[in-house]
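A.B. asks:
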Amino acid sequence: MNTSALKDLLCDEPDSTLLEAVNGNRDHRALLPLLDAEIQRSSSRLQRLREYRNSLASPIHNLLPEILSHIFFIYAQDNDELFNMRWARLLLVCRRWRDIGMLTPKLWSFMDLFAAYYDEWDEASARKEARDAQRVRAQMARVGLAPTTVKLTLHLNLSEPKRACLPMFWIPSALQSFHLNGINAPFHEVIDVFVKHQHSSLAHFAAYQLVPAGPFDDAARAVTPLPDDILKVNLPRLRELSLAGFRFNWTFIHDLRVLNVEYYPENDLSSTLRDISDALTRCSALEELWLILHSEGDGSMISSFSQTVWLPNAQIISLQGPAGFCLGLLEALTDLPCTSQLRVSPLHPPSLTSNDVCNSPLLSYLTSHARRVDAPTMRAVSLVNQPLAGMYQTGVSGYAQVDRCLDPEYMSNHHGQPSSHIHFSTRRHIQDAPLPTPEVEHIMRHIIRTWNFTNVTHFDLRLAGWDPDIPWQHLLAELPSVTTIIMRPEQPTSPRLVLGFLHEQLQTHGRRVVPNIVFDAQKVNPYVSHAELSLETLARRTLMHTLMYCAAAARAGVPLETVEIINDLEPSRFKARVLEPTIASFVWSGLYQDLSTGFIYCGVLHNQALDCSAVAAVTPQGSHSELE
Numbered sequence: 004m005n006t007s008a009l010k011d012l013l014c015d016e017p018d019s020t021l022l023e024a025v026n027g028n029r030d031h032r033a034l035l036p037l038l039d040a041e042i043q044r045s046s047s048r049l050q051r052l053r054e055y056r057n058s059l060a061s062p063i064h065n066l067l068p069e070i071l072s073h074i075f076f077i078y079a080q081d082n083d084e085l086f087n088m089r090w091a092r093l094l095l096v097c098r099r100w101r102d103i104g105m106l107t108p109k110l111w112s113f114m115d116l117f118a119a120y121y122d123e124w125d126e127a128s129a130r131k132e133a134r135d136a137q138r139v140r141a142q143m144a145r146v147g148l149a150p151t152t153v154k155l156t157l158h159l160n161l162s163e164p165k166r167a168c169l170p171m172f173w174i175p176s177a178l179q180s181f182h183l184n185g186i187n188a189p190f191h192e193v194i195d196v197f198v199k200h201q202h203s204s205l206a207h208f209a210a211y212q213l214v215p216a217g218p219f220d221d222a223a224r225a226v227t228p229l230p231d232d233i234l235k236v237n238l239p240r241l242r243e244l245s246l247a248g249f250r251f252n253w254t255f256i257h258d259l260r261v262l263n264v265e266y267y268p269e270n271d272l273s274s275t276l277r278d279i280s281d282a283l284t285r286c287s288a289l290e291e292l293w294l295i296l297h298s299e300g301d302g303s304m305i306s307s308f309s310q311t312v313w314l315p316n317a318q319i320i321s322l323q324g325p326a327g328f329c330l331g332l333l334e335a336l337t338d339l340p341c342t343s344q345l346r347v348s349p350l351h352p353p354s355l356t357s358n359d360v361c362n363s364p365l366l367s368y369l370t371s372h373a374r375r376v377d378a379p380t381m382r383a384v385s386l387v388n389q390p391l392a393g394m395y396q397t398g399v400s401g402y403a404q405v406d407r408c409l410d411p412e413y414m415s416n417h418h419g420q421p422s423s424h425i426h427f428s429t430r431r432h433i434q435d436a437p438l439p440t441p442e443v444e445h446i447m448r449h450i451i452r453t454w455n456f457t458n459v460t461h462f463d464l465r466l467a468g469w470d471p472d473i474p475w476q477h478l479l480a481e482l483p484s485v486t487t488i489i490m491r492p493e494q495p496t497s498p499r500l501v502l503g504f505l506h507e508q509l510q511t512h513g514r515r516v517v518p519n520i521v522f523d524a525q526k527v528n529p530y531v532s533h534a535e536l537s538l539e540t541l542a543r544r545t546l547m548h549t550l551m552y553c554a555a556a557a558r559a560g561v562p563l564e565t566v567e568i569i570n571d572l573e574p575s576r577f578k579a580r581v582l583e584p585t586i587a588s589f590v591w592s593g594l595y596q597d598l599s600t601g602f603i604y605c606g607v608l609h610n611q612a613l614d615c616s617a618v619a620a621v622t623p624q625g626s627h628s629e630l631e
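Note that the sequence shown ends on residue 631 in our numbering; no numbers are left out.
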């Protein structure tokens with residue numbers, strides 16, 4: 004609102020018809036509707052005055068509309084609310100926010116359409132499907148011709164209301180990103196329609212076809228070819244490609260920035276390596292390569308490929324497949340930056356021993372990369388030893404900063420942790436016997452000893468489902484600078500073993516091994532149990548045992564500095580809280596009383612000094628305790 008609009012608002016007079024009626028002593032039946040109209044007009048006037056007053060008093064009301072709309076987008080993106088439209092609650096704050104949000108096409112451009120259970124005779128499901136379709140149509144109306152991101156999930160047939168929305172997505176100038184996930188007929192129906200259109204603005208294409216679990220031959224037969232025209236003709240501006248469950252022609256891959264492929268080769272591994280190498284030579288600006296190669300062979304006969312691939316901008320190289328294939332592809336890459344993140348998970352035969360793994364050329368290649376002069380300094384090391392994605396995986400990740408939300412589901416779908424600079428894990432089929440404990444220890448100690456882990460401060464055990472025989476002192480002895488251990492409190496094994504080791508060191512040597520313990524409560528699912536104990540119960544029991552250890556350390560004169568719980572703030576259907584600080588009877592002092600710095604809960608430090616300061620801040624001046 005500008006100054007002239009404010010002047011007009013202040014000079015606004017009552018309606019002349021109402022004044023004439025009052026001056027003429029008109030009957031009350033004639034006055035009532037005129038007064039109602041004046042009350043409504045006055046209420047609107049007061050509301051506009053309040054808006055102008057707020058724009059002067061609050062800094063956020065002085066922000067330019069384009070800045071405020073960008074803040075809205077950052078909020079929606081950071082809270083993962085772009086596709087589910089929960090960011091729309093911002094429109095209820097005030098009229099100005101509503102106007103800006105409604106006129107920001109980017110906020111409305113993320114559309115999610117999924118096939119849910121639908122029965123036209125079921126009134127509730129029919130209503131829900133119609134509401135979802137109406138939401139998509141409203142989004143398209145707000146977006147106009149602005150770039151759109153569309154996500155389709157088709158594990159079932161689309162209902163008729165949702166099927167009617169599909170033609171709205173095939174706008175060549177608008178569709179910028181397309182994600183397709185599904186199986187069988189509904190999935191292929193969309194692919195058949197998609198291939199008929201030229202998508203001149205599409206930069207990101209992702210298609211994930213679910214491949215049934217089971218024997219390799221059955222899975223390979225379920226993989227279908229991707230129509231050649233999609234990559235050859237229809238996507239001239241494609242820069243990011245993600246495919247799973249398809250066979251495709253590698254000769255059509257070119258000029259990509261991101262390539263993420265889960266592939267079942269038709270030919271032998273040597274020819275597949277040649278096809279991939281040729282494709283990478285046409286993608287010299289490639290920044291991310293994520294490749295999962297499914298094969299029955301171990302790839303041991305593959306030799307280094309003679310052709311070199313120049314990837315000077317590579318940020319992430321993530322490979323999963325036969326060991327020989329991974330080595331052959333890595334040796335074909337040249338001029339990788341020292342900051343490139345390498346994550347390799349080779350498939351090894353059950354006959355391979357820990358000595359074979361430690362002396363393998365593949366691990367030597369990763370060791371050389373980890374020890375490069377200008378490589379990032381590793382601050383955290385994560386150990387992996389548990390079944391993931393149908394495989395036994397044993398390995399180590401080194402990363403430059405701690406991931407506070409390390410998700411095991413991410414680990415199963417990708418290789419290594421989200422920010423890991425270097426990762427190696429040996430994989431075996433779940434039907435084969437896992438590596439014996441001494442073999443696991445040998446591999447982990449070798450990697451920790453040979454990689455550049457001298458400055459590691461965080462020891463991450465969230466993915467370490469270990470046996471009781473692991474000698475903790477040997478592993479920690481390789482990491483003398485560690486100050487923090489990170490665990491998942493609901494795990495039945497790791498926390499118990501770690502706390503037992505810490506207790507033993509305290510009682511035998513009077514030694515505090517680490518000053519800080521962190522628990523990640525992200526995966527405390529109230530519907531999952533272990534040995535008749537819910538994960539919620541296991542997590543709280545772990546916390547109680549930790550506090551008992553803290554009390555013993557304090558009595559021994561070597562108190563811990565902090566105990567921290569992360570990712571416990573918002574409960575949901577599949578997430579239970581370890582602590583309930585909102586309960587009126589909750590007392591923090593029982594958690595921090597034996598800690599020298601305090602107890603940290605979801606980023607907030609609690610200790611005696613801070614609690615006293617908080618009490619003093621809410622105590623009125625001049626009041627005195629009755630005990631004084």
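C-beta: ideal position from N, C-alpha, C; glycine also. On a predicted model such as this, the values are computed, not experimentally measured, just so you know.
Run through the region 211-279 for me and flag every whole beta strand (DSSP E) of 3 or more residues, listed as ranges in chain order.
C.D. replies: Whole beta strand (DSSP E) segments, 3+ residues: 243-247, 261-266.
A.B. asks: When you compare each of Leu613, Thr380, Ala587 to tyrosine 595 by their alpha carbons, which one comes out closest?
C.D. replies: Selected option, being the one with the closest Cα: Leu613.
A.B. asks: Could you say if the region 127-139 and the region 93-105 meet the contact criterion of at least three C-beta pairs nearer than 8 Å?
C.D. replies: Not touching, per the Cβ criterion.
A.B. asks: Quick one: grab the DSSP three-state call for serine 19.
C.D. replies: In this structure, serine 19 counts as helix in the three-state DSSP scheme.
A.B. asks: To the nearest angstrom, how far is it from the Cα of arginine 29 to the Cα of aspartate 18?
C.D. replies: Answer to the nearest angstrom: the Cα atoms are 15 Å apart.
A.B. asks: Are at least three pairs of beta-carbons, each pair with one atom in the region 375-391 and one in the region 422-436, less than 8 Å apart?
C.D. replies: Enough Cβ pairs lie closer than 8 Å, so yes.
A.B. asks: If we count the other Cβ atoms within 10 Å of its Cβ and call it buried at 16 or more, is serine 7 buried or exposed?
C.D. replies: Serine 7 should be labelled exposed.
A.B. asks: So for lysine 199, helix, strand or coil by DSSP?
C.D. replies: Reduced to three states, the DSSP call for lysine 199 is coil.
A.B. asks: Looking at C-beta atoms only, is the number of pairs between the region 54-65 and the region 83-92 that lie closer than 8 Å three or more?
C.D. replies: No, they do not touch.
A.B. asks: Should arginine 465 and arginine 491 be called a contact, given that it needs their Cβ atoms to be closer than 7 Å?
C.D. replies: Result yes, Cβ atoms of arginine 465 and arginine 491 sit closer than 7 Å.
A.B. asks: Measure the C-alpha to C-alpha separation of leucine 336 and serine 245 and round it to an integer number of angstroms.
C.D. replies: One C-alpha to the other measures close to 21 Å.
A.B. asks: Whole-angstrom Cβ separation of aspartate 463 and isoleucine 489, contact assumed at under 8 Å?
C.D. replies: Right, their Cβ atoms sit about 5 Å apart.
A.B. asks: Between which two residues does the alpha helix (DSSP H) harbouring tryptophan 111 extend?
C.D. replies: Start and end: 108-111.
A.B. asks: Quick check on DSSP: helix, strand or coil for leucine 66?
C.D. replies: The answer is coil: DSSP assigns leucine 66 none of H, G, I, E or B.
A.B. asks: Measuring CA to CA, which of Arg448, Ser599, Thr460, Met394 is closest to threonine 429?
C.D. replies: Nearest option by C-alpha distance: Met394.
A.B. asks: Among Ile569, Phe328, Thr549, Leu572, which residue has its Cα nearest to the Cα of proline 562?
C.D. replies: Comparing Cα-Cα distances from proline 562 to each of Ile569, Phe328, Thr549, Leu572, the minimum goes to Thr549.
A.B. asks: Counting only runs of 4+ residues fully inside the region 323-374, write out the alpha helix (DSSP H) ranges in chain order.
C.D. replies: Correct list: 326-335, 357-361, 364-373.
A.B. asks: What do you reckon, are the CB atoms on alanine 383 and histidine 461 nearer than 7 Å?
C.D. replies: Yes; because the gap between Cβ atoms is below 7 Å, this pair is in contact.
A.B. asks: Following the continuous beta strand (DSSP E) through histidine 602, name the residue where it begins and the one where it ends.
C.D. replies: Note that residue 602 is phenylalanine in the sequence shown here, rather than histidine. Unbroken beta strand (DSSP E) run through phenylalanine 602: 601-604.
A.B. asks: Taking only three categories from DSSP, how would you classify phenylalanine 577?
C.D. replies: In this structure, phenylalanine 577 counts as coil in the three-state DSSP scheme.
A.B. asks: Have a look at Leu259, His200, Ile319 and flag the residue whose alpha-carbon is nearest the alpha-carbon of valine 236.
C.D. replies: The candidate whose alpha carbon is nearest that of valine 236 is His200.
A.B. asks: To which residues of the same chain is valine 198 closer than 8 Å at the C-beta, ignoring the five residues directly before and after it?
C.D. replies: If we look at valine 198 and ignore the five residues flanking it on each side, its Cβ neighbours are Pro230, Asp232, Ile233, Asn237.
A.B. asks: Going by DSSP, what residue range makes up the alpha helix (DSSP H) through lysine 10?
C.D. replies: Segment 6-13, the alpha helix (DSSP H) holding lysine 10.
A.B. asks: Excluding the 5 residues preceding and the 5 following serine 357 in the sequence, name in chain order all residues of the same chain whose CB lies nearer than 6 Å to its CB.
C.D. replies: Glu442, His445, Ile446, listed in sequence order.
A.B. asks: Using the DSSP secondary-structure output, state which residues sit across from glycine 398 in a beta bridge.
C.D. replies: Glycine 398 pairs with Val387, Ser428.
A.B. asks: What did DSSP end up calling isoleucine 320 once you bin it into helix, strand or coil?
C.D. replies: In the structure shown, isoleucine 320 sits in a strand (DSSP, three-state: E or B).
A.B. asks: I'd like the span of the beta strand (DSSP E) that includes asparagine 519, first residue to last.
C.D. replies: Here the beta strand (DSSP E) through asparagine 519 covers 519-523.
A.B. asks: Taking only three categories from DSSP, how would you classify valine 590?
C.D. replies: Of the three classes helix, strand and coil, the one that applies to valine 590 here is coil, per DSSP.
A.B. asks: For the region 346-356 against the region 280-291, do three or more pairs of beta-carbon atoms, one drawn from each stretch, fall closer than 8 Å, so that the two count as touching?
C.D. replies: Short answer: they don't touch.
A.B. asks: Starting from glutamate 567, follow its DSSP beta bridges and name the residues at the other end.
C.D. replies: Paired residue(s): Val521, Ile603.
A.B. asks: Out of Gln80, Gln396, Gln318, Pro150, point me to the one whose CA is closest to proline 353's CA.
C.D. replies: That would be Gln396, whose Cα lies nearest to the Cα of proline 353.
A.B. asks: Using DSSP bridges, identify the partner residues of glutamate 291.
C.D. replies: BP columns for glutamate 291 point to Val261, Ile319.
A.B. asks: Take leucine 339 and list the residues in its own chain whose beta-carbon comes closer than 6 Å to its own, dropping the five residues that flank it on each side.
C.D. replies: Answer for leucine 339: Ala317, listed in chain order.
A.B. asks: Do you know how far the Cα of alanine 436 is from the Cα of arginine 130?
C.D. replies: Using only the alpha carbons, I get a separation of about 51 Å.
A.B. asks: Indicate the three-state DSSP secondary structure (helix, strand or coil) for leucine 505 in the structure shown.
C.D. replies: Of the three classes helix, strand and coil, the one that applies to leucine 505 here is helix, per DSSP.
A.B. asks: Exposed or buried, what is methionine 551 when buried is set at 16 or more other beta-carbons lying within 10 Å of its beta-carbon?
C.D. replies: With fewer than 16 other Cβ atoms within 10 Å, it is exposed.
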